[in-house]
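Only one structure is covered here, and it is reproduced in the block below.
Number of protein chains: 2
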Amino acid sequence: MTDTAPRPTLEAVAARAGVSRATVSRVVNGGDGVREPLVARVRKAVEELGYVPNQAARSLVTRRHDAVAVVVAEPETRVFADPFFALQLRGISKELTAHDNQLVLLLTEGRDDHARVARYLAGGHVDGALVFSLHLDDPLPGLIQRAGIPTVFGGRPGWSGDRRGVVYVDSDNRGGARDAVRHLAGLGRTRIAHITGALDQTSAVDRLDGYRDVMVDADPRLIAEGDFTPAGGEGAMRELLERCPDLDAVFAANDLTAAGALRVLRESGRRVPDDVAVVGFDDMLPVAEQTDPPLTTVRQDIEEMGRLMARLLLRAPDRRAAEQGVGAAPSSVVLPTTLVRRASA
Amino acid sequence: MTDTAPRPTLEAVAARAGVSRATVSRVVNGGDGVREPLVARVRKAVEELGYVPNQAARSLVTRRHDAVAVVVAEPETRVFADPFFALQLRGISKELTAHDNQLVLLLTEGRDDHARVARYLAGGHVDGALVFSLHLDDPLPGLIQRAGIPTVFGGRPGWSGDRRGVVYVDSDNRGGARDAVRHLAGLGRTRIAHITGALDQTSAVDRLDGYRDVMVDADPRLIAEGDFTPAGGEGAMRELLERCPDLDAVFAANDLTAAGALRVLRESGRRVPDDVAVVGFDDMLPVAEQTDPPLTTVRQDIEEMGRLMARLLLRAPDRRAAEQGVGAAPSSVVLPTTLVRRASA
DNA sequence: GACGGAGGTGAGAGCGCTCTCCGAGCACCG
DNA sequence: CGGTGCTCGGAGAGCGCTCTCACCTCCGTC
Numbered sequence: 004m005t006d007t008a009p010r011p012t013l014e015a016v017a018a019r020a021g022v023s024r025a026t027v028s029r030v031v032n033g034g035d036g037v038r039e040p041l042v043a044r045v046r047k048a049v050e051e052l053g054y055v056p057n058q059a060a061r062s063l064v065t066r067r068h069d070a071v072a073v074v075v076a077e078p079e080t081r082v083f084a085d086p087f088f089a090l091q092l093r094g095i096s097k098e099l100t101a102h103d104n105q106l107v108l109l110l111t112e113g114r115d116d117h118a119r120v121a122r123y124l125a126g127g128h129v130d131g132a133l134v135f136s137l138h139l140d141d142p143l144p145g146l147i148q149r150a151g152i153p154t155v156f157g158g159r160p161g162w163s164g165d166r167r168g169v170v171y172v173d174s175d176n177r178g179g180a181r182d183a184v185r186h187l188a189g190l191g192r193t194r195i196a197h198i199t200g201a202l203d204q205t206s207a208v209d210r211l212d213g214y215r216d217v218m219v220d221a222d223p224r225l226i227a228e229g230d231f232t233p234a235g236g237e238g239a240m241r242e243l244l245e246r247c248p249d250l251d252a253v254f255a256a257n258d259l260t261a262a263g264a265l266r267v268l269r270e271s272g273r274r275v276p277d278d279v280a281v282v283g284f285d286d287m288l289p290v291a292e293q294t295d296p297p298l299t300t301v302r303q304d305i306e307e308m309g310r311l312m313a314r315l316l317l318r319a320p321d322r323r324a325a326e327q328g329v330g331a332a333p334s335s336v337v338l339p340t341t342l343v344r345r346a347s348a
Numbered sequence: 004m005t006d007t008a009p010r011p012t013l014e015a016v017a018a019r020a021g022v023s024r025a026t027v028s029r030v031v032n033g034g035d036g037v038r039e040p041l042v043a044r045v046r047k048a049v050e051e052l053g054y055v056p057n058q059a060a061r062s063l064v065t066r067r068h069d070a071v072a073v074v075v076a077e078p079e080t081r082v083f084a085d086p087f088f089a090l091q092l093r094g095i096s097k098e099l100t101a102h103d104n105q106l107v108l109l110l111t112e113g114r115d116d117h118a119r120v121a122r123y124l125a126g127g128h129v130d131g132a133l134v135f136s137l138h139l140d141d142p143l144p145g146l147i148q149r150a151g152i153p154t155v156f157g158g159r160p161g162w163s164g165d166r167r168g169v170v171y172v173d174s175d176n177r178g179g180a181r182d183a184v185r186h187l188a189g190l191g192r193t194r195i196a197h198i199t200g201a202l203d204q205t206s207a208v209d210r211l212d213g214y215r216d217v218m219v220d221a222d223p224r225l226i227a228e229g230d231f232t233p234a235g236g237e238g239a240m241r242e243l244l245e246r247c248p249d250l251d252a253v254f255a256a257n258d259l260t261a262a263g264a265l266r267v268l269r270e271s272g273r274r275v276p277d278d279v280a281v282v283g284f285d286d287m288l289p290v291a292e293q294t295d296p297p298l299t300t301v302r303q304d305i306e307e308m309g310r311l312m313a314r315l316l317l318r319a320p321d322r323r324a325a326e327q328g329v330g331a332a333p334s335s336v337v338l339p340t341t342l343v344r345r346a347s348a
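Residue numbers (this note's numbering), protein chains in the order written: chain V, 4 to 348; chain G, 4 to 348.
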């Protein structure tokens with residue numbers, strides 16, 4: 004069980020294959036510049052010995068780590084109750100795996116962790132960082148920028164610091180919101196309400212802006228603040244019904260909020276979509292398909308966002324290249340959204 | 004921006020503090036055996052230079068990595084739609100952070116990834132592994148055991164291989180299920196049905212066993228197979244209503260399933276809990292509290308399970324200690340559950 | 001006052017790998 | 001047939017750190 008067998012080294016493989024360490028190294032790293040028969044002999048030795056390169060030794064000299072940190076700066080449990088982040092993580096994982104990179108997960112809770120994360124990133128343990136920092140007042144992006152490693156943000160960081168060189172991947176929240184509201188208007192609805200998300204996050208602000216783009220002179224009482232949770236949606240919906248009992252449509256900042264709103268609408272005796280049409284955002288499948296009635300919503304490809312973040316990061320020029328002016332820094336990407344029609348609007 | 008500044012080394016700190024490398028190393032690693040004035044001088048130099056130890060160099064000689072792999076062997080998206088895993092991850096993260104360990108996340112999808120994961124773990128990149136492998140037929144536990152690194156499983160691995168030395172953390176699924184069913188019986192219910200989870204997972208099997216412990220000679224038609232999803236719960240509930248229209252209680256394998264069942268019960272015109280009492284499992288807050296009526300359920304402390312897994316792993320004797328027979332291997336832990344009474348039963 | 005010992009400090013040898021030279025060998029050209 | 005250029009393989013120098021020794025200082029003790 005406790006196999007004392009020391010792991011074989013390059014040296015051991017070289018000895019077995021009857022070549023030098025350098026040759027084995029070349030083969031292990033792609034085999035360029037080594038003649039076929041030798042390559043085969045080396046590979047055979049590697050196989051027989053079960054050789055696995057020592058990553059620490061390799062990193063020591065190459066200064067690469069083939070590892071990327073994923074920083075999740077969400078103080079609340081919410082990020083977890085929410086499949087959103089999990090899906091992005093999955094996209095990231097797939098892309099990193101495809102490039103033989105490891106994923107180091109850094110969850111932060113509260114300010115105390117910020118210093119820890121900053122130190123870790125500055126410590127050169129990873130080649131780059133993917134950061135989810137959704138809050139407007141979050142100091143983390145600034146700290147990370149100072150750490151000086153390539154970084155891609157998930158969602159537009161709502162952050163007033165130096166924006167130069169900031170790369171992010173986001174959905175077209177504003178455009179998606181516009182589509183949603185236009186859809187409702189196209190159904191002949193005129194009293195279209197909006198339940199916002201947590202307004203300390205850029206996505207919520209952008210969706211609100213999109214709503215306003217279409218409802219240029221909307222009754223301000225048609226806007227109620229939510230927080231992306233079902234409970235928030237319920238509260239906001241009650242508020243709206245009280246203020247504007249004549250509303251005939253609701254655009255909710257996300258599907259969970261919409262689910263809460265639907266519940267309150269049903270309680271109040273309103274029929275959806277007959278009396279009030281409802282549109283959500285995200286197209287989170289377990290939620291959007293399970294509501295009663297199924298939710299018309301704005302889909303964003305969350306997993307693809309994660310993939311893209313990783314791709315952008317891996318493509319980022321490393322320090323040496325940057326110093327030589329080689330390879331432009333990648334720029335931010337905003338992914339399109341699509342309206343998914345179901346029964347609720 | 005592209006700071007060419009090479010990171011300072013031990014050597015540099017030593018020079019600045021006017022001591023030897025060895026002394027700096029001692030201070031950085033706790034400062035034992037170094038006199039106070041020197042310690043202060045070294046710390047000052049570290050501070051001024053912004054020295055951060057090179058983990059690769061350190062690992063190269065110590066053969067420790069202060070990193071733990073978390074392997075999630077769930078081919079389906081489901082694990083993600085489900086806050087369950089996320090909560091455990093959070094517990095793990097907290098505990099690892101408290102011990103200055105990093106979390107390397109390995110998500111596997113499908114068989115192809117198994118070899119990759121096994122190679123990684125065997126490659127000695129991490130000091131141990133926390134493995135979530137919920138499926139009965141999963142080859143991963145075997146592969147990992149062969150990799151020969153300390154491992155703790157999340158949930159009892161349903162695996163027919165060599166069980167010696169297998170350490171896991173699980174909830175008392177069977178006991179919790181018994182409590183749930185006894186509670187229903189205590190309410191005077193006699194036709195108590197069970198919707199199972201996905202029966203290729205030990206937790207589902209254990210909960211079914213718990214149900215059977217109480218319902219010793221239950222009508223087999225009172226058991227319907229679900230899959231831990233709301234949709235599965237709906238299907239199973241319809242099936243049950245058709246087979247046994249006289250049932251007066253349902254114990255669902257988890258809260259999501261219960262939510263689906265509730266919907267079908269409502270559709271069928273039955274009142275909960277008056278006509279049919281319902282109990283879930285997990286006490287997943289966003290779900291259990293939001294159902295109509297709120298769900299009576301069996302709570303397990305998911306985050307604590309994660310914490311415990313990490314604690315067990317970190318306590319596991321390292322190889323050297325094991326060779327000397329020092330430090331017993333930790334043993335598995337089964338955490339108790341508690342019944343949470345809400346309105347549904 | 002000399003000696004033993006304990007407690008601090010420094011020197012140096014690697015950990016396993018990459019990568020830069022160099023030298024050897026080969027083909028091809030003159 | 002000798003020279004030239006190129007390609008392939010090997011030797012060796014570190015990467016930054018830890019850790020074992022050996023040494024040195026200073027205290028207590030007889």
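The beta carbon of each residue, even a glycine, is placed where N, CA and C say it ideally should be.
> Listed in chain order, which residues of the region 43 to 56 of chain G have Cβ atoms closer than 7 Å to some Cβ of chain V?
Replying inline: Val55
>> Does Gly157/V come out as helix, strand or coil in the three-state DSSP assignment?
In response: In the first sequence, the residue the question calls residue 157/V occupies position 154. Note: Gly157/V maps to strand in three-state DSSP.
> What residues from chain V crowd round Ala125/G, counting only those whose CB sits closer than 7 Å?
Replying inline: The residue labelled residue 125/G in the question sits at position 122 within the second sequence. Within 7 Å Cβ-Cβ: Val55.
>> Please state whether the Cβ-Cβ distance between Leu187/V and Thr199/V is less than 8 Å.
In response: Here residue 187/V is taken as the residue at index 184 of the first sequence, counted from 1. Here residue 199/V is taken as the residue at index 196 of the first sequence, counted from 1. No; because the gap between Cβ atoms is not below 8 Å, this pair is not in contact.
> Roughly how far, in whole angstroms, is the beta-carbon of Gly309/G from the beta-carbon of Ile152/G, given that I think they are within contact range, below 8 Å?
Replying inline: As a position in the second sequence, residue 309/G is number 306, starting the count at 1. As a position in the second sequence, residue 152/G is number 149, starting the count at 1. Not a contact, Cβ separation roughly 19 Å.
> Excluding five sequence neighbours on each side, which residues of the same chain lie with their C-beta closer than 6 Å to the C-beta of Arg345/V?
Replying inline: Translated into positions along the first sequence, residue 345/V becomes position 342. Answer for Arg345/V: Pro297, Leu298 and Thr299, listed in chain order.
> Using a Cβ-Cβ cut-off of 8 Å (strictly less than) and excluding sequence neighbours within five positions of Asp349/G, which residues of its own chain qualify?
Replying inline: In the structure as shown, chain G starts at 4 and stops at 348, and residue 349/G therefore has no counterpart that could be examined.
> Anyone know if the C-beta pair for Ala201/G and Asp173/G falls short of 8 Å?
Replying inline: One-based indexing of the second sequence puts residue 201/G at position 198. One-based indexing of the second sequence puts residue 173/G at position 170. In this structure, the beta-carbon distance from Ala201/G to Asp173/G does not fall below 8 Å.
>> Just checking: is the beta-carbon of Ala291/V within a distance shorter than 8 Å of some beta-carbon in chain G?
In response: Within the first sequence, numbered from 1, the residue matching residue 291/V stands at position 288. It does not: the Cβ of Ala291/V has no partner Cβ on chain G nearer than 8 Å.
> DSSP three-state call for Arg54/V: helix, strand or coil?
Replying inline: If you number the first sequence from 1, residue 54/V lands on position 51. It is Tyr, not Arg, that sits at residue 54/V in the sequence shown. In the structure shown, Tyr54/V sits in coil (DSSP, three-state: anything other than H, G, I, E or B).
> Should Val219/G be labelled buried (16 or more other beta-carbon atoms within 10 Å of its own) or exposed?
Replying inline: Here residue 219/G refers to the residue found at position 216 of the second sequence. With fewer than 16 Cβ atoms within 10 Å of its Cβ, Val219/G is classed as exposed.
>> Measuring only the C-alpha atoms, how far is His128/V from Asp304/V?
In response: By 1-based counting over the first sequence, the position of residue 128/V is 125. By 1-based counting over the first sequence, the position of residue 304/V is 301. Roughly 30 Å separates the two Cα atoms.
> In chain V, which residues lie less than 9 Å from Pro233/G when you measure between Cβ atoms?
Replying inline: Counting from one through the second sequence, the residue named residue 233/G turns up at place 230. Here the neighbours are Pro289 and Gln293.
> Any C-beta of chain G sitting closer than 8 Å to the C-beta of Ser335/V?
Replying inline: Along the first sequence, read from residue 1 onward, the residue named residue 335/V stands at position 332. Cβ-Cβ to chain G under 8 Å: no for Ser335/V.
>> Determine, for Val31/V, whether the minimum Cβ-Cβ distance to residues of chain G falls below 8 Å.
In response: Here residue 31/V is taken as the residue at index 28 of the first sequence, counted from 1. No, Val31/V does not count as interfacial toward chain G.
> With a cut-off of 8 Å, does the C-beta of Leu315/G fall near any C-beta of chain V?
Replying inline: Numbered from its first residue, the second sequence carries residue 315/G at position 312. By this cut-off, Leu315/G is not an interface position.
> Given 8 Å as the limit, is there contact between the region 231 to 241 of chain G and the region 255 to 264 of chain V, that is, 3 or more CB pairs closer than that?
Replying inline: no
> For Arg166/V, which three-state DSSP category applies?
Replying inline: As a first step, residue 166/V is located in the first sequence; it is residue number 163 there, counting from the start. Reduced to three states, the DSSP call for Arg166/V is coil.
> Taking the alpha-carbon positions, what's the Ala207/V to Ala256/V distance?
Replying inline: To locate residue 207/V, count along the first sequence from 1; it is residue 204. To locate residue 256/V, count along the first sequence from 1; it is residue 253. Their backbone Cα atoms lie some 7 Å apart in a straight line.
> So which of Arg215/G, Ala183/G, Arg119/G and Thr100/G has the shortest CA-CA distance to Asp115/V?
Replying inline: Taking the first sequence and counting its residues from 1, the one referred to as residue 115/V is at position 112. Per the Cα distances, Thr100/G.
>> Looking at Val107/G: is its Cβ nearer than 8 Å to the Cβ of Gln105/V?
In response: On the second sequence, residue 107/G is found 104 positions in, with the first residue counted as 1. On the first sequence, residue 105/V is found 102 positions in, with the first residue counted as 1. Going by C-beta atoms, Val107/G is nearer than 8 Å to Gln105/V.
> In chain G, which residues lie with their C-beta within 9 Å of the C-beta of Gln117/V?
Replying inline: In the first sequence, residue 117/V corresponds to position 114, counting from 1. Here residue 117/V is His; the residue named in the question, Gln, does not match the sequence. Simply none; closest approach about 13 Å.
> Run through DSSP, which three-state label would Gln303/V get?
Replying inline: Counted from its first residue, the first sequence places residue 303/V at position 300. If DSSP states are grouped into helix, strand and coil, Gln303/V belongs with coil.
>> Can you tell me which residues form a DSSP beta bridge with Gly131/G?
In response: Numbered from its first residue, the second sequence carries residue 131/G at position 128. According to DSSP, which records beta bridges pairwise, Gly131/G is partnered with Val71/G.
> So Ile195/V packs on Phe254/V, CB below 8 Å; how close in whole Å?
Replying inline: Here residue 195/V refers to the residue found at position 192 of the first sequence. Here residue 254/V refers to the residue found at position 251 of the first sequence. With a Cβ gap of about 6 Å, Ile195/V and Phe254/V count as contacting.
>> Just verifying my parser: in three-state terms, what is the DSSP assignment at Ala234/G?
In response: As a working note, residue 234/G is residue 231 in the second sequence. Helix at Ala234/G.
>> For a contact defined as C-beta to C-beta under 9 Å, what are the partners of Val107/G on chain V?
In response: Start at 1 with the first residue of the second sequence, and residue 107/G comes out as number 104. The contacting residues are Ala70, Gln105, Leu106, Val107 and Leu108.
> Does DSSP put Gln204/V in a helix, in a strand, or in coil?
Replying inline: Counted from its first residue, the first sequence places residue 204/V at position 201. Three-state DSSP puts Gln204/V in a strand.
> Of all Cβ atoms in chain V, is any one closer than 8 Å to the Cβ of Asp6/G?
Replying inline: On the second sequence, residue 6/G is found 3 positions in, with the first residue counted as 1. Confidence is the limiting factor: at Asp6/G the pLDDT is only 43, short of 50, which leaves the residue's position unreliable and the question unanswerable from this model.
> By Cβ distance below 7 Å, which residues in the same chain neighbour Leu250/V in space, the five residues on each side in sequence not counted?
Replying inline: What you label residue 250/V is simply residue 247 of the first sequence in a count that begins at 1. Answer for Leu250/V: Arg194, Ala196, Leu225, Leu243 and Val279, listed in chain order.
> For chain V, is any of its Cβ atoms less than 8 Å away from the one on Gln327/G?
Replying inline: If you number the second sequence from 1, residue 327/G lands on position 324. Its pLDDT being 44, under 50, Gln327/G is placed unreliably by the model, and nothing is read from it.
>> Can you tell me whether Leu316/V is helix, strand or coil according to DSSP?
In response: Here residue 316/V corresponds to residue number 313 of the first sequence, with the count starting at 1. Note: Leu316/V maps to helix in three-state DSSP.
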